[in-house]
């Protein structure tokens, strides 16, 4: 009987505590009232006083309002975001917008809302998630002929509205790849000047860092037509049936049967050696070297899977040189795949910082990179350019058929 009495008293005790707890929480929720979002701010100290109603996925933000305690779920365009309640108060919630949250670019019917669900109600706030800004990484033939196709590669080509060529020539007909990483567009017939290409999307635009339609003028070292000349080495040709889609004359590097380890670049058609030209104007030689790149167009007709083109200034093997071997996985990279430019002319970009200090009169891939323009170009910034084909591989080169044109040094457009 005594044990029964103790159990009854214990049950009554916990029942009273539970009732008090429920009543307290109910009162607390009633006291809080419905949640309200007043504004959204950045956490960056430089912009913390600025409120906004749109930003990009991945942004760290502070949601400010009233009665925000007890948050259970936070949704960006109905995407449930994770958050740490330790950083939350009744007036503020700190949260990173999920990178996976949908935008108009990925889901055309997104509600453009921020929604918070708490233990005592929910609230919705008008808030737009912007697609990420477009990025241009390269252009497949910067010097294509009017009427030919140009491919712009990069990322985030969502909701593209137009492509603007130099001279403010706008094109509204183009094709965007499904992954939004490439745009194919026809070069307009009215293109007559050089300059950057601009991609305009609904939520932003981007310009190419290097000019297109640029094969004459300052920085062009040789176009084999009216800028500089080929002093000696390989032949030149303007046979458009053999390498179609080019601008006039080009250097023609054609040979066969080059044995393994054959470094005799001076033999038949294995080198390009030009007259002197101004790589960078003397007044700009104090610019940062990272702002400049060597560019040229190339058309590789036969599969290239062994051997390299070494590039020097003024034939100097005791200074800095660059190596171009696209079969190794891309411009100056490293896998082992036969390489051709089967769709025609292709623009090669070699940053001047990719040149390497030679060792004992030979190219050295582990050599140090230059830190100034004058280390590569000298005090005048002028000189000839040399392309040398060497077979630095362990097997023979059966055939090699390649055209080169429009060798130039380009300053990145800021």
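Residue numbers (the numbering used here): 4 to 417.
Positions of the beta carbon are idealized from the N, C-alpha and C atoms, including for glycine.
Being a predicted model, the structure only gives us computed values, none of them experimental.
By a C-beta neighbour count over all protein chains shown, 10 Å radius and 16 as the cutoff for buried, is residue 145 buried or exposed? buried
Locate the beta strand (DSSP E) running through residue 94, then write down its first and last residues. First-last for residue 94: undefined, no H or E at that position.
Assess contact between the region 214-223 and the region 108-125, defined as three or more Cβ pairs (one per stretch) separated by less than 8 angstroms. Is contact present? no
Could you work out which residue in 89, 395 and 54 is closest to residue 266 when comparing CA atoms only? 395
Helix, strand or coil at residue 294 according to DSSP, with G and I counted as helix: helix
Looking only at its chain, what residues have a beta carbon closer than 6 angstroms to the beta carbon of residue 165, apart from the 5 residues adjacent to it on each side? 173, 175 and 203
Length of the line joining the Cα atoms of residue 416 and residue 386: 24 angstroms
Going residue by residue through the region 315-389, where are the continuous beta strand (DSSP E) segments of at least 3 residues, counting only ones entirely within it? 323-327 and 349-354
Name the residue from 407, 353, 349 and 372 whose alpha carbon lies nearest to the alpha carbon of residue 360. 372
Does residue 397 come out as helix, strand or coil in the three-state DSSP assignment? coil
Can you give me the Cβ contacts of residue 403 inside the same chain, cut-off strictly under 8 angstroms, excluding the 5 residues immediately before and after it? 256, 257, 258, 259, 261, 305, 307, 310 and 392
Determine which residues share a DSSP beta bridge with residue 69 and list them. 39
Are the CB atoms of residue 343 and residue 388 within a distance shorter than 8 angstroms? no
Between which two residues does the beta strand (DSSP E) containing residue 86 stretch? Looking at the DSSP string, residue 86 is not in any beta strand (DSSP E), and its letter there is neither H nor E.
Here's the rule: buried if 16 or more other CB atoms are within 10 angstroms of the residue's CB, otherwise exposed. What is residue 11? Note that residue 11 scores a pLDDT of 43, beneath 50, so its modelled location is shaky; the value from the coordinates is reported in the next line. Exposed.
Span of the beta strand (DSSP E) holding residue 124? 124-129
Can you look up residue 285 in the DSSP assignment and give me helix, strand or coil? helix
In terms of alpha-carbon separation, which member of 159, 346 and 178 lies closest to residue 209? 159
Taking one C-beta from the region 349-366 and one from the region 313-323 each time, how about it: are there three or more such pairs within less than 8 angstroms? yes
If distances are taken between C-alpha atoms only, which option among 414, 263 and 299 comes closest to residue 398? 263
Element boundaries [beta strand (DSSP E), containing residue 224]: 223-225
Does the region 234-241 touch the region 186-196, meaning 3 or more C-beta pairs lie closer than 8 angstroms? no
Can you grab the Cα-Cα spacing for the pair residue 406 / residue 250, in whole Å? 12 angstroms
Ignore the nearest five residues each way along the sequence and tell me which others in residue 62's own chain have a CB closer than 8 angstroms to its CB. 45, 99 and 100
I need the DSSP call for residue 414, collapsed to helix, strand or coil. strand
Under three-state DSSP, which class holds residue 211? coil
Taking the alpha-carbon positions, what's the residue 140 to residue 296 distance? 14 angstroms
Determine the extent of the beta strand (DSSP E) in which residue 118 is found, giving its start and end residues. 116-121
When the Cα of residue 285 is compared with those of 346, 382, 269 and 270, which residue comes out closest? 382
Suppose contacts are defined by Cβ-Cβ distances below 8 angstroms. Is residue 106 in contact with residue 67 by that definition? no
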